[in-house]
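The structure appears below as structure tokens.
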Amino acid sequence: ALHPALPKASVVLFLLFCSLKSRVFSPLNAKRTARVLKDREIKRPAWTPPGIAFPIIWSTIAILRATSGAMVWQAAGQTALCAPLAWFMAHLAVGDLWNAMYTVENRLGAGVVGVLIVLCSVWNVALQYYNTLPMAGYVILPSALWITVATFLVYSIWRLNGSEPLYPFQEAGDK
Numbered sequence: 001a002l003h004p005a006l007p008k009a010s011v012v013l014f015l016l017f018c019s020l021k022s023r024v025f026s027p028l029n030a031k032r033t034a035r036v037l038k039d040r041e042i043k044r045p046a047w048t049p050p051g052i053a054f055p056i057i058w059s060t061i062a063i064l065r066a067t068s069g070a071m072v073w074q075a076a077g078q079t080a081l082c083a084p085l086a087w088f089m090a091h092l093a094v095g096d097l098w099n100a101m102y103t104v105e106n107r108l109g110a111g112v113v114g115v116l117i118v119l120c121s122v123w124n125v126a127l128q129y130y131n132t133l134p135m136a137g138y139v140i141l142p143s144a145l146w147i148t149v150a151t152f153l154v155y156s157i158w159r160l161n162g163s164e165p166l167y168p169f170q171e172a173g174d175k
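Next comes the structure, spelled out in structure tokens:
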């Protein structure tokens, strides 16, 4: 017989994997391109966290996402086909698409609009989780708070670096 904790552990591991490698399951095309970037230094506000903070923050958020998702899974009758988890997967998909556009391709203007979509999606997930199981909403709350800070950071970086359009555009030589 299977250990009673095995299904929940499997769900936690699956959600952790999705949180870390969302591109694998994303229905959106967030493939990483080999775009050659302009030779420019991106200006950042003085309050930008140090580079070492990002992997620590995102690793912590991945664990909180997996934990809160498993809590929702259990509260929803141990079904993965529930609205809160579907919203979570949609959030991961738009987040991964934004990451490819902003971090990989350095599309600073479009990144502002994209991060607003990510921001709305994460707060929706937090609300969905809270409505399913309030504690799950609290557990995922740091993710929403961090993405709120990230939204201000993305906007500030865009403002410091000129006036790139707020919509995706193709530069000469992009394919």
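Numbers 1 to 175, taken from full-length UniProt numbering, label the letters of the sequence shown in order.
Just so you know, even glycine gets a beta-carbon here, dropped at the ideal spot from N, CA and C.
Just so we're clear, the structure is a prediction, and the values are computed from it rather than from any experiment.
Three-state secondary structure (DSSP) of residue i
| i | result |
| --- | --- |
| residue 159 | helix |
| residue 142 | helix |
| residue 21 | coil |
| residue 134 | helix |
| residue 165 | coil |
| residue 99 | helix |
| residue 124 | helix |
| residue 1 | Below a pLDDT of 50, predicted positions are generally treated as unreliable, and residue 1, at 47, falls in that range; no measurement from the model is reported. |
| residue 7 | helix |
Where residue i falls, given that 16 or more other Cβ within 10 Å makes a residue buried
| i | result |
| --- | --- |
| residue 47 | exposed |
| residue 45 | exposed |
| residue 84 | buried |
| residue 178 | For residue 178 there is no data in the structure shown, the boundaries of the chain being 1 and 175. |
| residue 107 | buried |
| residue 37 | Unreliable placement is indicated for residue 37, whose pLDDT of 49 sits below 50; the coordinate value is still reported in the next sentence. It is exposed - the Cβ of residue 37 has fewer than 16 other Cβ atoms within 10 Å. |
| residue 35 | The pLDDT assigned to residue 35 is 49, lower than 50, so where the model puts this residue is not dependable, and the model offers no usable value. |
| residue 54 | exposed |
| residue 9 | exposed |
| residue 143 | buried |
| residue 56 | exposed |
| residue 77 | exposed |
| residue 60 | exposed |
| residue 39 | Because residue 39 sits at a pLDDT of 48, beneath the cut-off of 50, its placement in the model cannot be relied upon, and the point is left open. |
| residue 2 | Low confidence applies here, because residue 2 scores a pLDDT of 46, under 50, leaving its location unreliable; read the following figure in that light. So residue 2 counts as exposed. |
| residue 157 | buried |
Option nearest residue i by Cα separation, candidates the options
| i | options | result |
| --- | --- | --- |
| residue 70 | 113, 18, 149 | 18 |
| residue 134 | 16, 85, 110, 68 | 68 |
| residue 82 | 125, 55, 149, 56 | 125 |
| residue 149 | 66, 122, 136, 129 | 122 |
| residue 145 | 87, 120, 99 | 120 |
| residue 118 | 105, 98, 65 | 98 |
| residue 140 | 65, 161, 57 | 65 |
| residue 113 | 130, 131, 104, 94 | 94 |
| residue 21 | 58, 49, 52, 7 | 58 |
| residue 115 | 49, 91, 137 | 91 |
| residue 75 | 152, 160, 162, 137 | 137 |
Contact test: residue i Cβ vs the ligand COA heavy atom, cutoff 7 Å
| i | result |
| --- | --- |
| residue 163 | Although the ligand COA was asked about, the structure shown includes no ligands whatsoever. |
Cβ distance (whole Å) where residue i is taken to contact residue j below 8 Å
| i | j | result |
| --- | --- | --- |
| residue 203 | residue 110 | One cannot answer for residue 203 here, as it falls past the ends of the chain, which runs 1 to 175. |
| residue 62 | residue 16 | 6 Å |
| residue 73 | residue 11 | 5 Å |
TODO: Jot down the residue ranges of each uninterrupted beta strand (DSSP E) in the stretch 29-96, minimum 3 residues, whole runs only, in chain order.
DONE: Listed in chain order, nothing qualifies, since the stretch 29-96 has no complete beta strand (DSSP E) run of 3 or more residues.
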